[in-house]
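In UniProt numbering, the protein residues as written are 1 to 156.
Structure (structure tokens):
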């Protein structure tokens, strides 16, 4: 059992999402973020004459790493659950992992680090897509309702 699973099981309120699947997705997101960060760094270590053709891959890696880390954090928080926000964040992660996976695949025959990163992105993309149906408004934590932001008064 991973620490992610243990933390979900220890959560004091009910989480109406399959704990094992959610933990698996969170762990995949964190692993993907690490793979993308390492791949960007490995790209930067390639010979200088190759850097121009890797610049897009580096950018996609860094974007994907940031989005995957953020998505893992959002999916780890359950108090005041907002299904719309979670779905939007997961959609962003699906797009980021697809984009990065495609970008790394272009270099995978020449760079092992790109092949590994593309694989991590594809696995994470599949896991995120499988989780989406559970992220409906009814798939909420049974806890205190989220507080709406106070409405700002319109100037007269």
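Beta carbons are placed, not taken as given, at the ideal position from N, Cα and C, and that holds for glycine. From a predicted model like this one, the values you see are computed outputs, not experimental measurements.
Burial state of residue i (16 or more Cβ within 10 Å)
i, result
"residue 125", "buried"
"residue 81", "buried"
"residue 60", "buried"
"residue 13", "exposed"
"residue 103", "buried"
"residue 144", "Residue placement at residue 144 is poorly supported in this model, since its pLDDT is 39, which falls under 50; the coordinates are not used for a value here."
"residue 2", "exposed"
"residue 45", "exposed"
"residue 151", "Any reading at residue 151 is ruled out, since the residue's pLDDT is 40, under 50, leaving its predicted position unreliable."
Residue i vs residue j beta-carbon contact at 8 Å
i, j, result
"residue 134", "residue 15", "no"
"residue 120", "residue 40", "no"
"residue 73", "residue 37", "no"
"residue 118", "residue 105", "yes"
"residue 21", "residue 131", "yes"
"residue 26", "residue 69", "no"
"residue 32", "residue 107", "no"
Beta-carbon separation (whole angstroms), residue i vs residue j, contact threshold 8 Å
i, j, result
"residue 67", "residue 96", "4 Å"
"residue 42", "residue 113", "4 Å"
"residue 136", "residue 83", "6 Å"
"residue 101", "residue 87", "Residue 101 to residue 87, Cβ: 21 Å. No contact."
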